[in-house]
Amino acid sequence: MADLRNNFVGIKTPNPFWLASAPPTDKAYNVERAFRAGWGGVVWKTLGLDPHIVNVNGPRYGAIWGADRRLLGLNNIELITDRPLDINLREIKEVKRKWPDRALVTSLMVPCEEPCWQEILKQVEDTGSDGVELNFGCPHGMSERGMGSAVGQVPEYIEMVARWAKSHTRMPVIVKLTPNITDVRYPARAARQGGADAVSLINTISSIISVDLDSFSPEPSIDGKGSHGGYCGPAVKPIALNMVAEIARDAETADLPISGIGGVTTWRDAAEFLALGAGNVQVCTAAMTYGFKIVEDMIEGLSNWMDQAGHADLDSVVGRAVPNVTDWQYLNLNYVAKARIDQDSCIKCGRCHIACEDTSHQAITNMVDGARHFEVVDAECVGCNLCVSVCPVENCITMEQVPAGKRDTRTGETVSPDYGNWTMHPNNPMAAAE
Amino acid sequence: MAKSKTIDGIAAQRLPADQYVENFADAHPPLNGHEALVEADRCYFCYDAPCVTACPTSIDIPKFIRQIATGNLNGSAKTIFDQNILGGMCARVCPTETLCEQACVREAAEGKPVKIGLLQRHATDGAMRDNLQFYERAAPTGKKIAVVGGGPAGLACAHRLSMYGHDVVVLESQPKAGGLNEYGIAAYKTTDDFAQAEIDYVTKIGGIEFRHQQTLGATVTLDGLCEDYDAVFLGIGLNGVNRLGLGGEDAPGIADATRYIAALRQADDLASLPVGRRVLVIGGGMTAIDIAAQTKLLGAEEVTIAYRRGREDMNASALEQQQAANKGVVIRHWVQPKTIKTDADGVSAVTLEYTENRDGRLVGTGDEITLQVDQLFRAIGQQLDDNLGDDEALASLTMEKGRIRIDGTGQTSLSGVWAGGDCATGGDDLTVTAVAEGRDAAEAIHTALA
Numbered sequence: 000m001a002d003l004r005n006n007f008v009g010i011k012t013p014n015p016f017w018l019a020s021a022p023p024t025d026k027a028y029n030v031e032r033a034f035r036a037g038w039g040g041v042v043w044k045t046l047g048l049d050p051h052i053v054n055v056n057g058p059r060y061g062a063i064w065g066a067d068r069r070l071l072g073l074n075n076i077e078l079i080t081d082r083p084l085d086i087n088l089r090e091i092k093e094v095k096r097k098w099p100d101r102a103l104v105t106s107l108m109v110p111c112e113e114p115c116w117q118e119i120l121k122q123v124e125d126t127g128s129d130g131v132e133l134n135f136g137c138p139h140g141m142s143e144r145g146m147g148s149a150v151g152q153v154p155e156y157i158e159m160v161a162r163w164a165k166s167h168t169r170m171p172v173i174v175k176l177t178p179n180i181t182d183v184r185y186p187a188r189a190a191r192q193g194g195a196d197a198v199s200l201i202n203t204i205s206s207i208i209s210v211d212l213d214s215f216s217p218e219p220s221i222d223g224k225g226s227h228g229g230y231c232g233p234a235v236k237p238i239a240l241n242m243v244a245e246i247a248r249d250a251e252t253a254d255l256p257i258s259g260i261g262g263v264t265t266w267r268d269a270a271e272f273l274a275l276g277a278g279n280v281q282v283c284t285a286a287m288t289y290g291f292k293i294v295e296d297m298i299e300g301l302s303n304w305m306d307q308a309g310h311a312d313l314d315s316v317v318g319r320a321v322p323n324v325t326d327w328q329y330l331n332l333n334y335v336a337k338a339r340i341d342q343d344s345c346i347k348c349g350r351c352h353i354a355c356e357d358t359s360h361q362a363i364t365n366m367v368d369g370a371r372h373f374e375v376v377d378a379e380c381v382g383c384n385l386c387v388s389v390c391p392v393e394n395c396i397t398m399e400q401v402p403a404g405k406r407d408t409r410t411g412e413t414v415s416p417d418y419g420n421w422t423m424h425p426n427n428p429m430a431a432a433e
Numbered sequence: 000m001a002k003s004k005t006i007d008g009i010a011a012q013r014l015p016a017d018q019y020v021e022n023f024a025d026a027h028p029p030l031n032g033h034e035a036l037v038e039a040d041r042c043y044f045c046y047d048a049p050c051v052t053a054c055p056t057s058i059d060i061p062k063f064i065r066q067i068a069t070g071n072l073n074g075s076a077k078t079i080f081d082q083n084i085l086g087g088m089c090a091r092v093c094p095t096e097t098l099c100e101q102a103c104v105r106e107a108a109e110g111k112p113v114k115i116g117l118l119q120r121h122a123t124d125g126a127m128r129d130n131l132q133f134y135e136r137a138a139p140t141g142k143k144i145a146v147v148g149g150g151p152a153g154l155a156c157a158h159r160l161s162m163y164g165h166d167v168v169v170l171e172s173q174p175k176a177g178g179l180n181e182y183g184i185a186a187y188k189t190t191d192d193f194a195q196a197e198i199d200y201v202t203k204i205g206g207i208e209f210r211h212q213q214t215l216g217a218t219v220t221l222d223g224l225c226e227d228y229d230a231v232f233l234g235i236g237l238n239g240v241n242r243l244g245l246g247g248e249d250a251p252g253i254a255d256a257t258r259y260i261a262a263l264r265q266a267d268d269l270a271s272l273p274v275g276r277r278v279l280v281i282g283g284g285m286t287a288i289d290i291a292a293q294t295k296l297l298g299a300e301e302v303t304i305a306y307r308r309g310r311e312d313m314n315a316s317a318l319e320q321q322q323a324a325n326k327g328v329v330i331r332h333w334v335q336p337k338t339i340k341t342d343a344d345g346v347s348a349v350t351l352e353y354t355e356n357r358d359g360r361l362v363g364t365g366d367e368i369t370l371q372v373d374q375l376f377r378a379i380g381q382q383l384d385d386n387l388g389d390d391e392a393l394a395s396l397t398m399e400k401g402r403i404r405i406d407g408t409g410q411t412s413l414s415g416v417w418a419g420g421d422c423a424t425g426g427d428d429l430t431v432t433a434v435a436e437g438r439d440a441a442e443a444i445h446t447a448l449a
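Order-wise, the sequence lines are chains A and B.
For the first sequence, position 241 matches number 240 in numbering that gives the first Met the number 0, and the numbering has no gaps at all.
For the second sequence, position 342 matches number 341 in numbering that gives the first Met the number 0, and the numbering has no gaps at all.
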């Protein structure tokens, strides 16, 4: 059995699956249910100063769905906890005492004034929390008050507040980053400069999820009006993976621990975050969609995959894909692939043909000798993978490498065995001289 | 008080009153909105979709299903009606399992095709419920066209002609239009007087006049029609019924399945229909299945279909055979009727001879089985009514295998006369085929009159 025990900035948990700071971690009742279900840790929903904030009294969520109304993306306009600070602190202390083997990290968001941070950090430390997460990510409601992503969008503020936090507590400090920036490496570097022990990302993405076409109000609609919210769920995973990878392969932050967040729904998603350098993952939307029980397969699936792949522990997985993330200019232009359609599994829907015919390279037939037949025309196929992407049958279309020494019928050239990228390409005016 | 199933002979009221309601309820209840959305999501929106190719009317199925999925239900109905104005009836009676749904790529992928028929019903029912009329007549052309027969072929032809601005007179031999939609087809496939509701909906376009009790060969002649109208469309169906060719065939208790089904479809009270205790049906097509299943549902204790060839040779689809079997109908393959035994009350037994395929030829083996029978139905196919009168034009039509020969546009051998549906060559004897042929003939007529 693979060892799933996780040590994230000194916080030890039986598995790498934490619940992110969000409605599922707002109070003792939910958190204890999560721990009973098997979650390795939680980041308690963000605390603020009293008087506590209030939420809208109407819909807080909007959604986009895939086929069969499968939830793909969720948008929310909920704010940080709307319960009094002392109740939260009391419950955190009780829960931590009852569940010593699970992580209980407390998320915080207070105004950008050092005494505010000093005061609340002291109170949190008294609860026995395993660490704090500084919420510099929330894109709605709090940002207009100079908190959340308003901080996360200014690297200097991140560094300043991280430094205050480190100077006023012995607890590990995790800085939660907003994706609502242009280059995530700058806020990550700032967190590191400020002394943060780790970063967690991504927080939600600013979004309007839909418009009601009867009332012409954005949704969720509150009395006919809507404001932007924070977008999360499976749809944001690719954005999160890229940002995690950018930090993991940045020389200035390469050794900065990362807690990966953003659309983690299955063990496979989690494994991908780990491979791109995340030390653990945080989950929210999947739990809000299916309940806490999903952690069972996250744990078992990850464990089974690690057993089958021969990965003994999480350290054997974390960061394994990072060396393979590169810049476009270093991709091997001498690598040639062609699509191959397995005729036995092809159900003849024709989507590969029409996608290629209408929008790409006219490289897939639809009729051969008068019969409905879908086959790749190598002389036209650029190996773009669009057909694979639109095919409804898994593994029906695959990409096969044209081995070195063979002729690419599209270009008429023999595939080179050598590595050759854009920096060396003759068409590149900036190509390095021979 | 219902009589017992075990009373010998032919008797009405074999079942308690409420049993009839249950037995003849909608065979395939409609999808609700949620079910339709879930099902619509399963469609892959195939390119040059095999389901469209398999549809005799070439409805753009991926498009109408996508329109259901996107909440454009009105657009979905119009996509269907553009190709098939009787899309509502076809959604109910098409053997989708041998047409669109058999061709569905998800049948190939998982053995579970998208429920195209039920989705089509969902879309068309919605439009009919809201009485959405999608078509307007073009400016009047001043042309007048006779459509003989108000069945699916005639209705489709009439609607399309009216759209183009022609005036149409439908000459119908029966008190009601609809043809087999009204007088054939199993009752549980088209409940709630749907055939008439559909005719009302379709003819709202205007320009279509119905004249009832007008029979070719009796009240009108093709000669006369050719004189009085700019064009004629024949959609007269097949009103003659093939006979078994056995002694005793005219004894009481022996009837044509089509006549009985017509009476059943028109019955105000199903309990009033007399049905045998032991029913035998000779045939292997949809009519055989429909008479067998419905007599079983009327309370016959034993219903047997005798078909002279194998399961795969039957015109009724495997699914239809299975559904009949589920209702308790016994299907005997490889047997043919040999002798009919009668007594004072009529038919009392039928002897069947076993058959086999010997070198491509169907032959009797000499082995026999005798079944006790008190009601026997002929369902071995229909033919053109041979009593169409003394009509020079009609007599001059080129025939082929007992049907009016037409080309791909529905044109008969006689200038100015088109034909379609069961009475004409080409296509299967399906409602949907008749619709396609009627529609295409209208296009050809319109072109010819231009």
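C-beta: ideal position from N, C-alpha, C; glycine also.
Cβ-Cβ distances below 7 Å link asparagine 73 of chain B to Ala126, Leu131 in the same chain, with the five nearest sequence neighbours on each side left out; the list follows chain order. If the five residues before and after leucine 120 of chain A are omitted, its C-beta is found closer than 8 Å to the C-beta atoms of Leu107, Val131, Ala164, His167, Thr168, Met170, all from its own chain and listed in chain order.
Taking a Cβ-Cβ cut-off of 7 Å, the neighbours of isoleucine 353 of chain A in chain B comprise Tyr46, given in sequence order. Following the DSSP letters along the chain, one finds isoleucine 368 of chain B inside the beta strand (DSSP E) bounded by residues 360-371. Sixteen is the threshold: when 16 or more other Cβ atoms of the shown chains lie within 10 Å of the Cβ of histidine 139 of chain A, as they do, the residue is buried. Distance from the Cα of aspartate 125 of chain A is smallest, within the candidate group A:Gln281, A:Leu385, A:Asp85, for A:Asp85. In terms of CA proximity to glycine 116 of chain B, B:Pro61 leads the group B:Ala305, B:Ile204, B:Phe376, B:Pro61. Contact of valine 104 of chain B with chain A is assigned, a C-beta pair being separated by under 7 Å.
The residue from B:Asn83, B:Ala261, B:Tyr43 with its alpha-carbon nearest to that of alanine 107 of chain B is B:Tyr43.
In the displayed model, cysteine 355 of chain A falls within a helix according to three-state DSSP. Taking C-beta separations shorter than 7 Å and ignoring five residues to either side along the sequence, the partners of serine 20 of chain A in its chain run Val42, Trp43, Lys44, Thr45, Ser106, Glu132, Asn134, following chain order.
Ranked by how close their Cα comes to the Cα of glutamate 31 of chain A, the residues A:Leu71, A:Lys92, A:Ala62 have A:Lys92 in first place. Minimum Cα-Cα distance from alanine 39 of chain B among the listed residues A:Ala66, A:Asn331, A:Pro23, A:Ala36 corresponds to A:Ala66. At a cut-off of 7 Å between beta-carbon atoms, aspartate 40 of chain B makes contact with chain A. Contact of glycine 349 of chain A with chain B is assigned, a C-beta pair being separated by under 7 Å.
Using a CB distance below 8 Å, the part of the stretch 366-393 of chain A facing chain B consists of Arg371, Pro391, Val392, ordered along the chain. In this structure, the alpha-carbon of glutamate 251 of chain A lies about 14 Å from that of glycine 276 of chain A.
DSSP places glycine 177 of chain B outside both helix and strand once states are collapsed to three, so it counts as coil. Between the alpha carbons of cysteine 103 of chain B and arginine 91 of chain B lies a distance of about 18 Å.
Taking CB atoms only, alanine 53 of chain B has no neighbour in chain A less than 7 Å away. Annotation for proline 251 of chain B: no beta strand (DSSP E) segment contains it, and DSSP assigns it neither H nor E.
For aspartate 342 of chain B, no alpha helix (DSSP H) segment is defined; the enclosing uninterrupted segment is the beta strand (DSSP E) at 334-342. Residue nearest to leucine 36 of chain B within the set B:Asn71, B:Gly177, B:Gln321, B:Arg105 is B:Asn71 (criterion: CA-CA distance).
Within chain A, no C-beta atom comes less than 8 Å from the C-beta of proline 15 of chain B; the nearest is roughly 42 Å away. For the pair aspartate 427 of chain B and proline 55 of chain B, the Cα-to-Cα distance works out to about 9 Å. For the stretch 61-87 of chain A, the set of residues with a beta-carbon nearer than 7 Å to any beta-carbon of chain B comprises Ala66, Asp67, in chain order. Around the C-beta of arginine 159 of chain B, 16 or more other C-beta atoms lie within 10 Å, and the residue is accordingly described as buried. Counting only Cβ-Cβ distances below 8 Å, alanine 107 of chain B has contacts in chain A at Ile346, Lys347, in chain order. If you draw a straight line from the Cα of leucine 179 of chain B to the Cα of threonine 350 of chain B, it is about 31 Å long. Within chain A, no residue has its CB atom less than 9 Å from the CB of valine 113 of chain B, the nearest being about 11 Å off.
Chain order gives the chain A residues near valine 37 of chain B as Asp67, where near means a beta carbon separation below 7 Å. Secondary structure at leucine 269 of chain B: helix, using DSSP grouped into helix, strand and coil. Ranked by how close their Cα comes to the Cα of alanine 440 of chain B, the residues B:Thr430, B:Gly420, B:Thr95 have B:Gly420 in first place. DSSP places tryptophan 163 of chain A inside the alpha helix (DSSP H), whose first and last residues are 154-167. Collapsing the DSSP output to three states places glutamine 101 of chain B in a helix.
Nearest C-alpha to alanine 348 of chain B among B:Leu30, B:Ile253, B:Arg404, B:Glu208: B:Ile253.
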